[in-house]
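Visitor:
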Amino acid sequence: DTPQLGLHPTQLRPRLDEGLGVILRLLNGEEVTHESPGWFALKNAACQLQPYHEEGIPVFVTATSSPGSARVAGKHGVGILSGASFKSLGPGLKSIWDTASDAAAEHGHTLDRRDYRIMTRIYVAESREQACRDISVGLHEFDFEYFSGTLGRPAPSYEGRPEDYADWCVDNGGALFGTPEEVTAGLKNIWESSSGGFGGILLMGNEFAPPERMRNHYELLARYVMPHFNGVYERPARSHARAVDERVANNQGEAEAIAEAIRAAGGEVPDVILGAPIKKR
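Numbering (our numbering), first residue to last: 317 to 597.
1. Quick one: what's Met-435 bridged to in DSSP?
2. Report the rounded CA-to-CA distance for Ile-438 versus Ala-538, giving the unit in angstroms.
3. Could you give the residue range of the alpha helix (DSSP H) that holds Lys-504?
4. Hey, Pro-479 and Val-499 are a contact pair by Cβ (cut 8 Å); roughly how many whole angstroms apart?
5. Can you tell me the Cα-Cα spacing of Ala-553 and Val-560, whole angstroms?
6. Have a look at Tyr-549 and His-425 and give me their C-alpha separation to the nearest angstrom.
7. Taking a contact to mean a Cβ-Cβ separation below 9 Å, would you say Asp-459 touches Pro-526 in this structure?
8. Answer yes or no: do Leu-536 and Pro-496 have a C-beta to C-beta separation smaller than 9 Å?
9. Hey, would you say Thr-349 sits closer than 9 Å to Ala-361, going by beta carbons?
10. What do you reckon, are the CB atoms on Gly-395 and Asp-431 nearer than 9 Å?
11. How long is the line joining the alpha carbons of Asn-488 and Thr-380, rounded to whole angstroms?
12. Checking the sheet assignment: what are the DSSP bridge partners for Phe-493?
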């Protein structure tokens with residue numbers, strides 16, 4: 317897009333910085349007069365409608381391969397969307413956050429970890445082997461024929477068969493392909509590597525598998541991975557652990573209550589009720 321717009325790549329980040337500053341002022345309800353020679357000019361410009369939510373429209377800047385975008389995000393106090401969970405790309409998650417935080421402090425802002433979002437490749441299946449089998453050829457085609465062949469970006473250092481590429485990516489490229497348990501563990505590792513956490517995960521939605529397998533992936537993700545991170549799983553898990561810890565005492569108490577009821581009715585109390593031994597009287 318850059319050459320079609322008559323721009324050079326070196327112009328992009330300065331214009332991102334300048335343009336974002338103007339957009340945020342407009343979104344905040346200001347009346348803006350601004351002139352950017354050779355680009356645009358505004359005279360007493362204002363948005364006709366204010367944002368629907370009081371806190372405004374969420375704004376994020378992507379930051380992966382250059383610290384410049386992280387500094388822009390920090391300067392303007394907006395969120396960050398990073399693809400740095402890929403091992404082969406740019407500075408690490410902690411480095412990006414630190415760069416943005418330093419820039420924010422310089423300009424009087426405080427960033428919130430909830431506005432730090434991570435983009436990564438995830439595909440969930442019944443096994444790692446099944447996951448890699450579903451997507452490997454399409455993933456290889458995307459990375460080598462499109463990302464490298466069409467866009468001219470550096471290709472991954474993989475020289476094997478397309479059918480084995482996804483498995484290689486899990487071990488070398490930071491991708492999370494496998495069972496719900498494996499993907500959950502991988503996301504926890506990304507959380508740890510961020511040195512403070514983040515507010516959300518954005519999946520790359522290339523959909524390399526057939527439609528029915530993609531539906532299966534999304535269902536497994538929603539049922540068995542997301543509950544570990546959105547709080548849904550926490551209380552049931554805590555309740556389950558408590559029930560396991562207290563089951564002997566609870567069963568004994570219930571058995572004794574049943575025994576008392578049998579005695580009150582004049583019946584003969586068995587030696588064991590609900591697996592708990594009953595003391596004879």
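A virtual CB, placed ideally from N, CA and C, is assigned to each residue, including glycine.
Guide: So, from the listed chains and residues:
1. By one-based count along the sequence shown, residue 435 stands at place 119. According to DSSP, Met-435 bridges with Leu-518.
2. Stepping through the sequence shown from its first residue, residue 438 is reached at position 122. Stepping through the sequence shown from its first residue, residue 538 is reached at position 222. Taking the straight line from one Cα to the other gives about 12 Å.
3. Translated into the one-based positions of the sequence shown, residue 504 becomes position 188. Note, Lys-504: alpha helix (DSSP H), 496-509.
4. Working through the sequence shown from its first residue, we reach residue 479 at position 163. Working through the sequence shown from its first residue, we reach residue 499 at position 183. The identity of residue 479 in the sequence shown is Glu, whereas the question assumes Pro. Not really, about 21 Å apart at Cβ, beyond 8 Å.
5. Here residue 553 refers to the residue found at position 237 when the sequence shown is read from its first residue. Here residue 560 refers to the residue found at position 244 when the sequence shown is read from its first residue. Whole-angstrom Cα-Cα distance: 11 Å.
6. Indexing the sequence shown from 1 puts residue 549 at position 233. Indexing the sequence shown from 1 puts residue 425 at position 109. The alpha-carbon atoms of Tyr-549 and His-425 are separated by roughly 34 Å.
7. Locating residue 459 in the sequence shown gives position 143, where the first residue counts as 1. Locating residue 526 in the sequence shown gives position 210, where the first residue counts as 1. Against a cut-off of 9 Å, the Cβ pair of Pro-526 and Asp-459 comes out as no contact.
8. Reading the sequence shown from its first residue, position 220 is the one you call residue 536. Reading the sequence shown from its first residue, position 180 is the one you call residue 496. In this structure, Pro-496 lies closer than 9 Å to Leu-536 by Cβ.
9. As a working mapping, residue 349 is identified with position 33 in the sequence shown. As a working mapping, residue 361 is identified with position 45 in the sequence shown. Yes, the pair counts as a contact, with Cβ atoms nearer than the cut-off.
10. Taking the sequence shown and counting its residues from 1, the one referred to as residue 395 is at position 79. Taking the sequence shown and counting its residues from 1, the one referred to as residue 431 is at position 115. Closer than 9 Å, so yes.
11. The residue given as residue 488 occupies position 172 in the sequence shown. The residue given as residue 380 occupies position 64 in the sequence shown. Each residue's alpha carbon lies about 18 Å from the other.
12. Stepping through the sequence shown from its first residue, residue 493 is reached at position 177. According to DSSP, Phe-493 bridges with Tyr-439.
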